[in-house]
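Input: a single structure, listed below in structure tokens.
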Amino acid sequence: MLNKKSHGVQSRRSLGIVACLTLAFAGLAVLAAVAGSASSWLSMQSARITTDLGAKVLPTVTASLNFAQNNAMLVSDAPSLASRPDAESLDQQATRLAGMLSEQAKRLAALRDLGVDAAALDSLQKRNMELGPKIDGLKALASERLAVRTQIQKTVAQALSDYQDLMDFVRPLQEATQTAVDGEIASLKEGVGSGPDAKQQTAQLDQDYKALHVAMDVQASSNLAFGMLSAAATATDESATNIKFQYDWAEVYMGKALKAFTGSQDAERLQKLVEALLKSGSGNDSVFLLRTREVDLDGKIAVTLNDLVNASAKLTDEVQALVQTQESSAHNAVTQSSTVTKQTLLVNALTSSAVMIAALLIALLYVRRSVGRRLRTLSHIMTSLAGGNRTVTVDVSGRDEITAMAEAVQVFRQGLIANDEFSVEAARMAKEREAARDLADRERTEAAARQETVVNSLAGGLAALAHGDLTHDLAQPFAAEYETLRRDFNATVAQLRGTMEQIVGNAEILRSGTSEIAGAADDLSRRTENQAASLEETAAALGEVTSAIRQTAEGAVHARDVVGSAKTQAETSGAVMQDAIAAMSAIEDSSGKIGQIIGVVDEIAFQTNLLALNAGVEAARAGDAGRGFAVVASEVRALAQRSADAAKEIKMLVASSKTQVSHGVELVAQSGTALRGILAKVAEINTVVSEIARAANEQLSGLEQVNVAVNQMDQVTQQNAAMVEETTAASHHLAREIETLVTLIGRFDVGAGGQAHSTVTPKLKAAARPARPPAAGPRVSRGGAVRKPAAAPEADDSWTEF
1 MLNKKSHGVQ
11 SRRSLGIVAC
21 LTLAFAGLAV
31 LAAVAGSASS
41 WLSMQSARIT
51 TDLGAKVLPT
61 VTASLNFAQN
71 NAMLVSDAPS
81 LASRPDAESL
91 DQQATRLAGM
101 LSEQAKRLAA
111 LRDLGVDAAA
121 LDSLQKRNME
131 LGPKIDGLKA
141 LASERLAVRT
151 QIQKTVAQAL
161 SDYQDLMDFV
171 RPLQEATQTA
181 VDGEIASLKE
191 GVGSGPDAKQ
201 QTAQLDQDYK
211 ALHVAMDVQA
221 SSNLAFGMLS
231 AAATATDESA
241 TNIKFQYDWA
251 EVYMGKALKA
261 FTGSQDAERL
271 QKLVEALLKS
281 GSGNDSVFLL
291 RTREVDLDGK
301 IAVTLNDLVN
311 ASAKLTDEVQ
321 ALVQTQESSA
331 HNAVTQSSTV
341 TKQTLLVNAL
351 TSSAVMIAAL
361 LIALLYVRRS
371 VGRRLRTLSH
381 IMTSLAGGNR
391 TVTVDVSGRD
401 EITAMAEAVQ
411 VFRQGLIAND
421 EFSVEAARMA
431 KEREAARDLA
441 DRERTEAAAR
451 QETVVNSLAG
461 GLAALAHGDL
471 THDLAQPFAA
481 EYETLRRDFN
491 ATVAQLRGTM
501 EQIVGNAEIL
511 RSGTSEIAGA
521 ADDLSRRTEN
531 QAASLEETAA
541 ALGEVTSAIR
551 QTAEGAVHAR
561 DVVGSAKTQA
571 ETSGAVMQDA
581 IAAMSAIEDS
591 SGKIGQIIGV
601 VDEIAFQTNL
611 LALNAGVEAA
621 RAGDAGRGFA
631 VVASEVRALA
641 QRSADAAKEI
651 KMLVASSKTQ
661 VSHGVELVAQ
671 SGTALRGILA
681 KVAEINTVVS
691 EIARAANEQL
701 SGLEQVNVAV
711 NQMDQVTQQN
721 AAMVEETTAA
731 SHHLAREIET
741 LVTLIGRFDV
751 GAGGQAHSTV
761 TPKLKAAARP
771 ARPPAAGPRV
781 SRGGAVRKPA
791 AAPEADDSWT
801 EF
């Protein structure tokens, strides 16, 4: 392990300080470039996905939901065409539905512009176009039914007018005939029982009696005929046959009665009035045929409504499929955006960590522990040599610049050792020649002086080296035997000076590289802050969209609750209406039974009156023998007449009540039918609104997930920005370490090269200062408003090109 470590150290030393630092900073630059490229590419992908989400996916989902909501309103309002009470409201509703269809076409065009699947939109457009003819057909049928209903009402009103005219004629005729019959009976009672006058009076009595009988038959038949005409206006298929049968019977009965009453102006007038009444029940415009046409139209309307509901259901299914497809697309876009964001954060975290760790390792392991330690060791050795310590060991392994300095120091050490050995040898020689001192005093003195000069010069040179002065040369020539030592010393100092000048140049390169790394780190920090600001804006925008969709969902839920409440109330009203229909039907049945009873009473009174009349006639014919019987018959006839009058009044009241009850039953039945239709449509609306509420809630859930994901992206991006700030701080720390290295190198005076050091030091200090923090991105306030960011500093040309 030690050998491998030593081999690694030797390898680094063999490359040289400049090469090692160049490779190290080249690696940092490559890592920074990779980090910037990956972050930029992933940021562009994230921005593209976010832009697509905000500009296409979310508008598509919103447009799909609006289309579904408008479709639900169209489907719920279209069947109401069949229940419009008049032509004006029918036209208004048809115009409203046409506008909704046009709005649907515009929404389909908007969805097509957003790039929704063309096949799905073509199918939706086809379904939407199918609704138009069906709605137009429903409108035409409803309009025709309104016209038929109006004609029925006019015919029934005309029949009522004709019936009143007939009653206005029949009642006075009946009363006049009744008065004549009463007078004739009284005359027969008071007159003679035989003779021509009696026969003439009896014949007149028979004629008046027939006229009275015809008037009463016409009145009863006209009551039945008008009642059947009124009932036919609202008759169902089950009761129409029975009503028509009773009307035909009344018509035949009145025909028979009219045949027995001829030959007078009253008979002709009565004939015309009866024909006018019966005209409402015969011909192509009769109440019966009009009602049959109305029933047929009801069947066609029901079929058209069924087709419209089926087409609407198919359209609703396709709209729901479209909404689900768009929701799936939004979910996929959110998932893809989340994946790209996670990849961006991972790449930024890994590259930033790698750059920071590499910079710290270079600063700690190489610059501080290797270069700085070796320079301090070399300075300590030179100080020891200057102090006279010749036992220090100089490490000359490797081939870098510091090794060259160590080799020069080793030459100094060897020179000093040689000088010491020479001094010892000189002392030995002095002892050997001590005997000849006197002869060579001058020579020794000169040698000692030369030696002292050499020693002093070397001591001064070593002292200058110990103080870092590499410009100090031994200019004064030595004696011939010491001249080699002076040249070696000067050469060593020159080599050491050149090495230090090269180190100063390399330090300038280090300062430049460190400054570029710090600048790149500042740019990366600023762009990371800008990315965090963009994510905050995106988060704010998504928050507003989520709030809008939440309000839509709450509105849909409220609409669903309101429709549910309306459905419950409609069901309750339906039950009450059914009870009312049953009660009115029971009242109608009771009125019919009362009418039957009154008819029986009227018939009994009529027969009693006839019997009393016959008894009076027979008593008149019997003369005095039948006078008492005539009195009894007269009283019975008077009682029968009062019973008939009372029965007539009761019958009129019951008939009026029955008419009102029938009209009430008709109105209640129509209300029940309309209410059942409303209940069915409210149920359909409830289903559609529930689907809209469910879709809105699902969309709200998806947008909330998107919002959570974007908020997480924002938080992690903020953390990444903090990590980039730490990387920037680490690069500035590395710059300060380089400054410390330059300070250590600055202890050595290399002459003219020192001027270059003094000129680049301000640049290093300027680069070592932390970069100005980037402009803060927009911050989202508690109210949801977004503050605009300050203008970001303009990036340099090289970064823009990159």
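Taking full-length UniProt numbering, the leading residue of the sequence shown gets 1, the next gets one more, and so forth. Yeah, the Cβ is synthetic: ideal placement off N, Cα and C, and Gly gets one too. Small disclaimer: the values here were computed from a predicted structure and weren't measured.
Of the candidates Ala159, Glu88, Gln174, Glu88 places its Cα closest to the Cα of Lys139. Taking the Cα positions, Leu166 is about 36 Å away from Ala142. Residue burial is scored here from C-beta neighbours: His732 has at least 16 other C-beta atoms within 10 angstroms and is therefore classed as buried.
Under the three-pair Cβ rule at 8 Å, the region 114 to 127 does not count as touching the region 232 to 252. If you check the CB distance, Val295 and Ser64 do not come in under 8 Å. Taking the C-beta atoms as reference points, Val156 is found nearer than 8 Å to Val287. Here Lys134 has Thr304, Asp307, Leu308, Ala311 as same chain residues with Cβ atoms under 7 Å from its own Cβ, once five neighbours each way along the sequence are excluded. Excluding residues up to 5 positions away in sequence, nothing lies with its Cβ nearer than 7 Å to the Cβ of Glu516 in the same chain. In the three-state reduction of the DSSP assignment, Asp469 falls in the strand class, which pools E and B. According to DSSP, residue pairing for Asp749 in a beta bridge involves Asp469. In the three-state DSSP reduction, Gly283 falls in the coil class, being neither helix nor strand. Residues of the same chain with a CB within less than 6 Å of the CB of Val214, apart from the 5 flanking positions on each side, are Ala257, Ala260, Phe261 in chain order.
Glu175 and Asp182 have their C-alpha atoms some 10 Å from each other. When C-alpha distances from Ile604 are compared across Val710, Ser643, Ala479, the shortest belongs to Ser643. Ser230 and Gln92 have their C-alpha atoms roughly 31 Å apart. Going by beta carbons, Asn530 and Leu315 fall outside the 8 Å limit. Here DSSP, grouped into helix, strand and coil, assigns Asp298 to helix. Looking only at Thr445, Gln414, Ala539, Ser329, the smallest Cα-Cα distance to Ala426 is reached by Thr445. For Leu385, the enclosing alpha helix (DSSP H) has its first and last residue at 373 to 386. With a cutoff of 8 Å on beta-carbon distance, Ala539 and Asn711 are scored as near each other. Across the set Ala109, Ala532, Ala655, the C-alpha of Ala532 shows the shortest separation from the C-alpha of Met723. Across the structure, Gly137 and Arg127 are spaced so that their CA atoms are roughly 16 Å apart. By the Cβ neighbour-count rule, Ala94 is buried, with 16 or more other Cβ atoms within 10 Å of its own. A straight-line Cα-Cα distance of about 7 Å links Ala696 and Thr552. Exclusion of the five residues before and after Asn707 leaves Ala539, Leu542, Gly543, Thr546 as the residues of its chain whose Cβ lies within less than 8 Å of its Cβ.
When secondary structure is reduced to three states using DSSP, Ala359 falls in the helix class. Counting along the chain, the unbroken alpha helix (DSSP H) around Leu90 starts and ends at 87 to 113. Val396 places its beta carbon less than 8 Å from that of Gln410.
In the three-state reduction of the DSSP assignment, Thr717 falls in the helix class.
The shortest C-alpha to C-alpha distance from Ser37 to any of Gln104, Tyr163, Gly99, Asn348 is the one to Asn348. In the assembly as shown, Gln219 is a buried residue. Its beta-carbon has 16 or more other beta-carbons within 10 Å. Take Gln204, set aside five residues on each side of it, and the residues of its chain with a beta-carbon closer than 7 Å to its own are Glu184, in chain order. Collapsing the DSSP output to three states places Asn490 in a helix.
In the three-state reduction of the DSSP assignment, Ser37 falls in the helix class, which pools H, G and I.
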